[in-house]
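**Q**
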Amino acid sequence: MEKQKYVLGINTSNHDRSAALLKDGRIVCAISEERIDRRKHSQGFYGDNARSIVIPPMAAINYCLEAEKIAIDDLDLIVIGRSMQLCINDVMKYIPIKDKSKIVELPIPSHHQAHAYSSYFASGFEKSLILIIDEQGHWLENNTFEKESIYIAENEEIKELQTFKGNYIDISIGMFYDLFSVILGFTDGSVPAAGKLMGLASYGKKEKTYKLLEVNKEGNINVKWDNLIQYLKLKKVLPKDFELSDFKLNYEYKYHTILEEIQKYLNKVDWNDIVGQDIAYKAQNEIEEAIIQVVDYWVNKTGITNICLAGGVFLNSIVNYQILKRTSVKDIYIQPAATDDGTAIGYAYIGYYKILKNHLRCKLQNVYLGKEYTENEIENTLKQYAIPYKHLANIEQVAAKFISDNKIVAWYQGKSEFGPRALGNRSILASPLSVAIRDRINRDIKRRESFRPFAPSVLEEQAQKYFDLVCKSPYMLLIADVIDEKLEGIIHVDGTARVQTVSKEDNEIFYKLISNYGKISGTPVVLNTSFNVNGEPLVETPYDALKSFIITDIDILCIGNYLIDKSWFTSEEVEAMKWEFLDIQKDNYFKIGETLYEHGEYEEAIKYFKFIIQGPLFNVMEDSCKRKLFYYISYIDYWNDNLEESLEYIDKILNSITFGFNAAEMVKYKAILLNEMKIKNNLSRVQEVVSEMENKGIIKYLEEIS
């Protein structure tokens, strides 16, 4: 019997590090490091220092090996892609494989190539165009970078047609879109949150104003800088006297673009404001029109009507829909893990097909590529925390009934999804028929902006009855007009929804749940959003699922065949369990408190902040976090007339900061607070006197104090 061939692909990018394991042409496991280390986007290096060492995603690597039950030395090849720095030496040190010759680092440029392989070899197409658009690929010679790349693929051969290079001034449309995300204050950790911008865009309106992007005769997308600056000045995002000509265009400034200079002058815009919504619409409309032109250009030039897409820009489900609706493309495949995490799959494919010269090709059937936790592992987790449960043989039927009763259900089943979307194995599910339920999830569970829509999951064979879909959408990467107005919980303001079509072959238990809900409600559609706490990645382990269930307002947890109902507990018991889990996860306190603060939920936020200061976590916090705590606490307590308690915490913070940390501003602020407290105390006494005078009369009052 011929030995099975294993190739491990490793993404060592500065964000979204990941690993993917391929066996005989088929991806058998893939996971992002963030799912395990619980740090959103899981920066591996140079987040703070571009010269720091590369840290491979070791947790993801070990996870893949354990899932397949093989050892590191069973691998035939390990393929890594360089990031901004040479990675091979650091990877050699970290990965304990005996035969170091099995580790191959691809030369620059290979980032866009990895995206291309990840999409084409997963697609099942024989012949296809491949279009890669992201924020940036590899940095190249003369401080240029991969901006957009176009390939043609046929019979397992991928040929580059064109790579357009960006530079200090010639930015990508990924960067362009990120700029608008920053203007509106949309970030996801340290990464611009482009998905929020896309959601807000539907609230804006079209304006007759400057054109910001153009596509030249070679199919290259360029920013029209004069127009962009004038537009941002018109919207008061940039000062009236701002001129691009005032800057020295430093083309030799390595790893940087002009955006870093421009951002210093930006006035952020409130997304609640009409101006902010129109800005979001403008950014979305510009990239849609530009990408449509690019796709048409290459389809017409090559005559190929199949297209594979990858790169973070193609998580934009509106753009993907427009490609199918408005171009000559007949069939489309979008890599579900379109951002850098998906390049791990690409590197594995490159290793298997290009380096090892194999030809056995297997289409990627689905993205449930995590490992499956056993019933014993789930039950042991529940017992460890003394959580009562029911073990059910028909969990999908019971869950469907809860959803029909307007309960919010956390649904944890099988293998985790690879990529950013929750596709029915790590999901929060609810009725799509209720705006109140939708708002409750946004407000009390996800704690996110109210404008952000939720996705529907629908039985594949009935999808056309409820949505005007142009094709199947198993990965939630296409929008569609909503036909059935009863689905008010998932209809976006523009009448669309980002749809997932669910087949029995792809996910049988999720299919059965939706089918059962359809029998009860008459509508085989459920609201589906990711199972995670705001600011955290999708849950991965049974522990992650239990913790997220306990500390949020989710009603029901269905984890494997086990059911936990929060109504079994008193509110005091739930509160006690919540703080027990948070005590275990102290690192999450600050993140949760900060999210609550940003959403104006100050009473809840102050509980987290003060718990941090009272506990051992405070002693190991970075000074930058302590500084934030200082201002958060003093601000909340000032408005709550609780300055005396606030000053106790402020003194503790000031006494704990390390030598050399600039505390002058904080000391000055403390003095202001003391003065405010004195004024408030004096004012309080004056108010008491006035009240006594009113009650007793001025003459009587003066007689008593004389």
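Each residue of the sequence shown is one higher than the one before, counting from 43 in our numbering.
Each residue gets a CB set at the ideal place from its N, CA and C atoms; glycine is no exception.
1) Whole angstroms are fine: how far does the CA of Gly-635 sit from the CA of Lys-649?
2) Can you tell me whether Trp-181 is helix, strand or coil according to DSSP?
3) Pull up the DSSP beta-bridge partners for Lys-432, would you.
4) In the DSSP assignment, the alpha helix (DSSP H) including Ser-160 goes from what residue to what residue?
5) What does the alpha-carbon distance come out to for the pair Glu-260 and Glu-202?
6) Quick one: residues in its chain with C-beta nearer than 6 Å to the C-beta of Lys-514, no 5 flanking neighbours on either side, listed in chain order?
7) Val-355 and Asp-176 look like a contact to me (Cβ under 8 Å); what is the Cβ gap, rounded to whole Å?
8) Using only the alpha-carbon positions, how far apart do Tyr-363 and Lys-343 sit?
9) Under a three-way DSSP split, which group does Phe-493 fall into?
10) When the Cα of Ile-525 is compared with those of Asp-536, Asn-358 and Asp-220, which residue comes out closest?
11) To the nearest angstrom, how far is it from the Cα of Tyr-410 to the Cα of Phe-284?
12) Measure the alpha-carbon distance for Glu-358 versus Ala-428 and round it to whole angstroms.
13) What residue range is occupied by the uninterrupted alpha helix (DSSP H) comprising Ile-263?
14) Out of curiosity, what's the CA-to-CA distance linking Ala-386 and Tyr-48?
15) Taking the alpha-carbon of Ala-325 as reference, which of Leu-254, Glu-183, Asp-66 and Asn-264 has the nearest alpha-carbon?
16) For a cutoff of 8 Å on Cβ pairs, would you count Ile-654 as touching chain B?
17) List the residues that DSSP assigns as beta-bridge partners of Gln-542.
18) For the pair the region 335-342 and the region 146-166, tell me if three or more CB-CB distances fall below 8 Å.
19) My output table needs one value for Tyr-395: the three-state DSSP class, helix, strand or coil.
20) Between Ile-78 and Ala-113, is the Cβ-Cβ spacing less than 8 Å?
21) Please list the terminal residues of the continuous beta strand (DSSP E) segment that includes Cys-71.
22) Would you tell me roughly how many angstroms separate the C-alpha atoms of Asp-586 and Lys-135, rounded to the nearest one?
23) Just list the residues that DSSP pairs Ser-191 with in beta bridges.
24) What does DSSP give as the partner residues of Thr-571 in its beta bridges?
25) What would DSSP say about Cys-106, mapped onto helix, strand or coil?
26) Enumerate in chain order the residues of its own chain whose CB-to-CB distance from Glu-196 is below 7 Å, with the five nearest sequence positions on each side excluded.
27) Classify Pro-430 as buried or exposed, calling it buried when 16 or more other Cβ atoms lie within 10 Å of its own Cβ.
28) Ser-557 and Leu-501 - do their beta-carbons sit closer together than 8 Å?
29) Taking Leu-820 as part of the alpha helix (DSSP H), name the residues at either end of that continuous run.
30) Taking the beta carbon of Leu-398 as the centre, do at least 16 other beta carbons fall within 10 Å, making it buried, or is it exposed?
31) Let me check one thing: in DSSP terms, what residues is Ala-62 bridge-paired to?
32) With DSSP as the reference, identify every bridge partner of Thr-229, one or two as the case may be.
33) In the DSSP assignment, what residue or residues form a beta bridge with Gly-577?
34) Going by DSSP, which residues form a beta bridge with Phe-509?
**A** So, from the data block:
1) 8 Å
2) strand
3) Paired residues: Leu-605.
4) 153-165
5) 15 Å
6) Thr-543
7) 6 Å
8) 22 Å
9) coil
10) Asp-536
11) If you take the alpha carbons of Tyr-410 and Phe-284, they lie about 49 Å apart.
12) Inspection of the sequence shows that residue 358 is occupied by Asn rather than by Glu. Their Cα atoms are separated by approximately 43 Å.
13) Element bounds for Ile-263: not the alpha helix (DSSP H) but the beta strand (DSSP E), 263-265.
14) 14 Å
15) Leu-254
16) The question asks about chain B, but that chain is absent: this structure has only one protein chain.
17) Ser-499
18) no
19) Tyr-395: helix per DSSP, three-state reduction.
20) no
21) If you look at Cys-71, you'll find it in the beta strand (DSSP E) that goes 68-74.
22) Whole-angstrom Cα-Cα distance: 31 Å.
23) Ile-174 and Thr-205
24) Thr-571 is bridged to Ile-470.
25) For Cys-106, the secondary structure class from DSSP, reduced to helix, strand or coil, is helix.
26) Glu-168 and Lys-169
27) exposed
28) Taking 8 Å as the cut-off, the beta carbon of Leu-501 is found closer than this to the beta carbon of Ser-557.
29) For residue 820 there is no data in the structure shown, the boundaries of the chain being 43 and 748.
30) Around the Cβ of Leu-398, a 10 Å sphere holds fewer than 16 other Cβ atoms; the residue is exposed.
31) Paired residue(s): Gly-51 and Ala-72.
32) Pro-234
33) According to DSSP, which records beta bridges pairwise, Gly-577 is partnered with nothing at all.
34) Answer is Val-524.
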